[in-house]
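Taking it in order: structure first as structure tokens, then the write-up.
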Amino acid sequence: MHKSSRRYGFTLIELLVVIAIIAVLIALLLPAVQAAREAARRMQCTNNLKQLGLACMNYESSNSVFPAHSMMYPTGATAQLPFSWMPSLLQYTEQNAMYNAINFNVEPMHTGFGGYMNSTASTAKMGMLACPSDSSSEGVRTWPGNTSRFYGTTNYMGNMGGPGVLRVASGTIIPAKGSPQTSEYSAGNFSTVTISSVTDGTSNTALMSERLIGRQSGTLGTQLPRSSNMARIAVFVSPTGVGVTGNVADATTFVRACQNLPGTVTGRYWTASQLWIATYPQWVVITGYNHFGTPNQMNCHNPNDPGTNASTNAYVGLAGSAPPSSNHSGGVNLAFADGSVRFIKDTVSLQTWWALGSRNGGEVVSADAY
1 MHKSSRRYGF
11 TLIELLVVIA
21 IIAVLIALLL
31 PAVQAAREAA
41 RRMQCTNNLK
51 QLGLACMNYE
61 SSNSVFPAHS
71 MMYPTGATAQ
81 LPFSWMPSLL
91 QYTEQNAMYN
101 AINFNVEPMH
111 TGFGGYMNST
121 ASTAKMGMLA
131 CPSDSSSEGV
141 RTWPGNTSRF
151 YGTTNYMGNM
161 GGPGVLRVAS
171 GTIIPAKGSP
181 QTSEYSAGNF
191 STVTISSVTD
201 GTSNTALMSE
211 RLIGRQSGTL
221 GTQLPRSSNM
231 ARIAVFVSPT
241 GVGVTGNVAD
251 ATTFVRACQN
261 LPGTVTGRYW
271 TASQLWIATY
281 PQWVVITGYN
291 HFGTPNQMNC
301 HNPNDPGTNA
311 STNAYVGLAG
321 SAPPSSNHSG
331 GVNLAFADGS
341 VRFIKDTVSL
351 QTWWALGSRN
361 GGEVVSADAY
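Last residue of the sequence shown: 370 (full-length UniProt numbering), numbering continuous.
Dropping the structure here:
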């Protein structure tokens, strides 16, 4: 009597079913893993802003003012770039060695795009200034048109205030009095900000936020279509120019015109958030942002801005719109003048957004408004 021999195993159909189940599980788990990673990146970004906010608080305690967005040129300086607000915070962020490496008696970076000044600091990669959600935040870039020169970048920007067309630097980190190229705006308006001048309340007033870093192509005039998924890092020229003495209605019209630009319009995309050590006081997008357009909207140059002109629209002037931007889903992180950090949705109303950017506008903003 012979026993029948059987071979046990998977049939082809069973194997295909198992593979299909595994594929479905991977498809279900992958978004969850990606979401968890982004949550961790967003938390790191939040922590960076908290550290910078705490540094601002400590700076204010020591100096009785918040740091200025841009400082006056050193005596005898000829370059276009004064120091930004960030170097003054280094000693309050356990970066004493980097702070001591900076010579504040010479220019922060270079002389007229020529030889280096403060090269140790200006080329440094600063981890606390990089948001990990931005794939471009590698920390160091080459200068457009000169790949032999490097500089350190930042994702974090100081609040220069509400719509510049209202001719008021109403933010908390604004150009110091006497900063170059700010004379077109209200005389004496630019000054360091004391905490007592934040009459809207430190918990209701923005201090700083974040911005995606513009791409570098090595060409100053490189253009990017409005329809591109990277359009938030470009600077466009609004078809509706508004003078710096404009009113609230004009400011609203400007924002709407900026956001309704057709997809075929192109803008420059090499400038945003370039430097951490230096800045231009008359151009917002280097180390500042403003409360004009709401988060993650387009950057728009105002062709009627007296401090710039359409031929230099790669930067946004003080009367243009330079909102914060991020790769976080649905909004941006915003640090307030009390040191707290909150997530502000892209859908925040213009009125609320403008109010958060003003230190002394007298607006009443409830917590559920954003």
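For glycine and all other residues, C-beta sits at the position ideal for the given N, C-alpha and C.
What's the gap between the Cα of residue 329 and the Cα of residue 131?
One-based indexing of the sequence shown puts residue 329 at position 329. One-based indexing of the sequence shown puts residue 131 at position 131. Annotation: residue 329 to residue 131 spans about 14 Å, alpha carbon to alpha carbon.
How long is the line joining the alpha carbons of residue 293 and residue 23, rounded to whole angstroms?
Mapped onto the sequence shown, residue 293 falls at position 293. Mapped onto the sequence shown, residue 23 falls at position 23. Pairing residue 293 with residue 23, the inter-Cα distance amounts to about 43 Å.
Measuring straight from C-alpha to C-alpha, what distance separates residue 11 and residue 17?
Locating residue 11 in the sequence shown gives position 11, counting from the first residue. Locating residue 17 in the sequence shown gives position 17, counting from the first residue. When only Cα atoms are considered, residue 11 and residue 17 end up about 10 Å apart.
What's the gap between the Cα of residue 114 and the Cα of residue 107?
Here residue 114 refers to the residue found at position 114 when the sequence shown is read from its first residue. Here residue 107 refers to the residue found at position 107 when the sequence shown is read from its first residue. Bear in mind that a pLDDT of 48 at residue 114, under 50, signals an unreliable position, so the number given afterwards is only what the model happens to contain. When the Cα atoms are used, residue 114 and residue 107 turn out to be separated by approximately 12 Å.
On the DSSP letters alone, give me the boundaries of the beta strand (DSSP E) that residue 210 sits inside.
By 1-based counting over the sequence shown, the position of residue 210 is 210. Run containing residue 210: 206-210, per the beta strand (DSSP E) assignment.
Report yes if the C-beta distance between residue 302 and residue 288 is below 8 Å; otherwise report no.
Translated into positions along the sequence shown, residue 302 becomes position 302. Translated into positions along the sequence shown, residue 288 becomes position 288. The answer is no: Cβ separation not under 8 Å.
So who's on the other strand from residue 344, going by DSSP bridges?
On the sequence shown, residue 344 is found 344 positions in, with the first residue counted as 1. Partner(s): 332.
Quick one: any contact between the region 150-162 and the region 345-357, if contact means 3 or more CB pairs under 8 Å?
Yes, the region 150-162 touches the region 345-357.
Given residue 197, which residues of its chain have a CB within under 8 Å of its CB, disregarding the five upstream and five downstream residues?
Position 197 of the sequence shown holds residue 197. Cβ contact annotation for residue 197 (same chain, cutoff 8 Å, sequence separation greater than five): 359, 360, in chain order.
May I have the straight-line CA-CA distance separating residue 244 from residue 282, to the nearest angstrom?
Translated into the one-based positions of the sequence shown, residue 244 becomes position 244. Translated into the one-based positions of the sequence shown, residue 282 becomes position 282. Computed Cα separation, rounded: 13 Å.
Is it true that the CB of residue 320 sits closer than 8 Å to the CB of residue 418?
Residue 418 lies beyond the residue range present for the chain, which begins at 1 and ends at 370; the question has no answer from this structure.
Assuming residue 207 and residue 233 are in contact, meaning their beta carbons sit under 8 Å apart, how far apart are those beta carbons, in whole angstroms?
The residue given as residue 207 occupies position 207 in the sequence shown. The residue given as residue 233 occupies position 233 in the sequence shown. Contact between residue 207 and residue 233 does not hold, since their C-beta atoms are separated by about 23 Å, which reaches or exceeds 8 Å.
Note the first and the last residue of the continuous beta strand (DSSP E) segment covering residue 131.
To locate residue 131, count along the sequence shown from 1; it is residue 131. Element bounds for residue 131: n/a, residue is neither H nor E.
To the nearest angstrom, report how far apart residue 165 and residue 284 are at their CA atoms.
Taking the sequence shown and counting its residues from 1, the one referred to as residue 165 is at position 165. Taking the sequence shown and counting its residues from 1, the one referred to as residue 284 is at position 284. It is roughly 13 Å from the alpha-carbon of residue 165 to the alpha-carbon of residue 284.
Between the CA atoms of residue 41 and residue 28 - distance to the nearest angstrom
Taking the first residue of the sequence shown as 1, we reach residue 28 at position 28. Taking the first residue of the sequence shown as 1, we reach residue 41 at position 41. If I take the Cα positions, the gap works out to 21 Å.
Could you round the C-beta distance between residue 81 and residue 279 to whole angstroms and report it? I think they count as a contact, below 8 Å.
Within the sequence shown, numbered from 1, the residue matching residue 81 stands at position 81. Within the sequence shown, numbered from 1, the residue matching residue 279 stands at position 279. Contact holds; Cβ gap of about 7 Å.
Would you kindly work out how many angstroms separate the C-alpha atoms of residue 212 and residue 231, rounded to a whole number?
What you label residue 212 is simply residue 212 of the sequence shown in a count that begins at 1. What you label residue 231 is simply residue 231 of the sequence shown in a count that begins at 1. Those two C-alpha atoms are separated by around 11 Å.
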